[in-house]
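Position one of the sequence shown corresponds to residue 588 (this note's numbering), numbered consecutively onward.
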Amino acid sequence: MGRVVSPVNMSIDGFIEDERGEFAWLPVDPDVFEHHTQLIRSADVLLYGRRLYEAMAVWETDLAVGAQSAAFGAFAAAWRAPEKVVSSRTLDEVLMERTRIEREFDPVEVARIARAANRDVLVGGAELAAVAFEAALIDEVHLYALPLTVGGGKPGLPTGVRLDLRLLETRRLGEGVVFTRSACARP
Numbered sequence: 588m589g590r591v592v593s594p595v596n597m598s599i600d601g602f603i604e605d606e607r608g609e610f611a612w613l614p615v616d617p618d619v620f621e622h623h624t625q626l627i628r629s630a631d632v633l634l635y636g637r638r639l640y641e642a643m644a645v646w647e648t649d650l651a652v653g654a655q656s657a658a659f660g661a662f663a664a665a666w667r668a669p670e671k672v673v674s675s676r677t678l679d680e681v682l683m684e685r686t687r688i689e690r691e692f693d694p695v696e697v698a699r700i701a702r703a704a705n706r707d708v709l710v711g712g713a714e715l716a717a718v719a720f721e722a723a724l725i726d727e728v729h730l731y732a733l734p735l736t737v738g739g740g741k742p743g744l745p746t747g748v749r750l751d752l753r754l755l756e757t758r759r760l761g762e763g764v765v766f767t768r769s770a771c772a773r774p
């Protein structure tokens, strides 16, 4: 059975996007990038919301992106490997191989996917992750705290949901990014 993991890149004041909806401040540091590549390699399934899926599609649909460097090529190869499940009411067609669209978020189906997986199921996209947290599906939170504040925007963790976490690992990455891995206590 795979773990259900919510990876979050956020400012130290807790935001994944600024008030303009931008997230152009993620450092492309080799250490941070390699950590993300290893995270993707750990997954059998990527369960994403539409916006994150569309943003990440470039790693599979634009071969020039992966050709920019060995690190980008490794990430692109890692990205292509897992099955992708996109939770969206508005996406009409898939952009990549090994992708399917689910019109509704179904906690029972996510639990089934996790039971069938040999490796991790990564849940990405703030709204989708919030629903997964509310349904108590998340086993671990992987936070990448970036050394900056943006003053407002979209929160990286759900509001209105108490999360009791147990710290499992902490590590300082390049550019001052701090990675923490925490287990979610079950209710």
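A virtual CB, placed ideally from N, CA and C, is assigned to each residue, including glycine.
Contact annotation: E727 and R590 have beta-carbon atoms nearer than 8 Å. Counting C-beta atoms within 10 angstroms of its own C-beta, L755 has fewer than 16 neighbours from the protein chains shown and is therefore classed as exposed. Going by DSSP, R687 is part of the beta strand (DSSP E) stretching over T686 to E689.
Counting along the chain, no alpha helix (DSSP H) covers G747, and no H or E run does either. If you ignore the 5 residues before and after E641, its C-beta comes within less than 6 Å of no other C-beta in its own chain. The Cβ atoms of T736 and D600 lie closer than 8 Å to each other. M643: member of the alpha helix (DSSP H) spanning R637 to M643, first to last residue. DSSP places A664 within a helical segment (H, G or I) once states are collapsed to three.
Separation of the CB atoms of A630 and D679 is rounded to 25 Å, and the pair is thereby denied contact status at 8 Å.
In chain order, S593 and V710 place their CB closer than 6 Å to the CB of A716, counting only its own chain and leaving out the 5 sequence neighbours on each side. Two segments are said to touch when three or more pairs of C-beta atoms, one from each, lie closer than 8 Å; by this definition the segment 687-702 touches the segment 659-678. At the C-beta level, L760 and D616 come within 8 Å of one another. When the five nearest sequence neighbours on each side are left out, the beta carbons in the same chain lying within less than 6 Å of the beta carbon of E762 are those of P614 and D616, in order along the chain.
For F602, the three-state secondary structure derived from DSSP is strand. With a cutoff of 8 Å on beta-carbon distance, A770 and R758 are scored as not near each other.
Here the alpha carbon of A701 sits roughly 11 Å from the alpha carbon of P694. Bridge partners of A732 according to DSSP: M597 and V765.
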